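Numbering (this note's numbering), first residue to last: 3 to 70. Even for Gly, the Cβ is constructed at its ideal location relative to N, Cα and C. Only a predicted model underlies this, so the values are computations on that prediction, with no experimental measurement involved.
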């Protein structure tokens, strides 16, 4: 398992405040997405995808779509 995977797994298990959720979501969108009429975020990790989905749902009450 790579160091990056280990760090991602540690971060996934952290409980964070709404402000931290916004910051983390912002950085993920900036670094891993394509923005046009929609926002398409690409990740290789299912746990990161679930975290993004839960943050979007918790913060903005948006029904996001996950595709594999």
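As the crow flies, the alpha-carbon of residue 16 is around 23 Å from that of residue 35. Taking the C-beta atoms as reference points, residue 23 is found nearer than 9 Å to residue 57.
Classified as buried, residue 53 has 16 or more neighbouring CB atoms from the shown chains inside 10 Å of its CB.
For residue 58, the uninterrupted alpha helix (DSSP H) run begins and ends at 48-62, by DSSP. Residue 39 and residue 27 have their C-alpha atoms roughly 18 Å apart.
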